[in-house]
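Undergrad: Residue numbers (the numbering used here): 44 to 145.
By construction, the Cβ of each residue, glycine as well, lies at the ideal position given by its N, Cα and C atoms.
If you scroll down you'll find the structure; I have some questions about it.
Right, here's the structure in full:
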């Protein structure tokens, strides 16, 4: 049980760090394809620690799908400031909720 707890804590820390890193990437204007790739990876990490069946993974998937649909033909583009701010606000909310997942 302790090793399972330690594994969850490690995954939690990695997910939290990745979310902060994604906010940094948005600030320095990294292309959409990389942002989508990071978001997908974070979603899988959060899925591992989501022991209370929170809607956070569904929200991440929804954001991913919307961004992919909107930018699939221009993945090398940068997110416009309003889109970037919206995603940053979502990330802040996910970071706030992350400790409640397990």
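Return helix, strand or coil for residue 101, following the three-state DSSP convention.
TA: Note: residue 101 maps to helix in three-state DSSP.
Undergrad: Using CA atoms only, rank isn't needed, just tell me which of 140, 49, 55, 135 is closest to residue 84.
TA: Comparing Cα-Cα distances from residue 84 to each of 140, 49, 55, 135, the minimum goes to 55.
Undergrad: Within 10 angstroms of the Cβ of residue 77, are there 16 or more other Cβ atoms? Answer buried if so, exposed if not.
TA: exposed
Undergrad: May I ask you to report which of helix, strand or coil DSSP gives residue 63?
TA: Helix at residue 63.
Undergrad: Tell me which same chain residues have a C-beta within less than 7 angstroms of the C-beta of residue 118, skipping the five on either side of it?
TA: Excluding residues within five positions, the ones whose Cβ falls inside 7 angstroms are 74, 75, 76.
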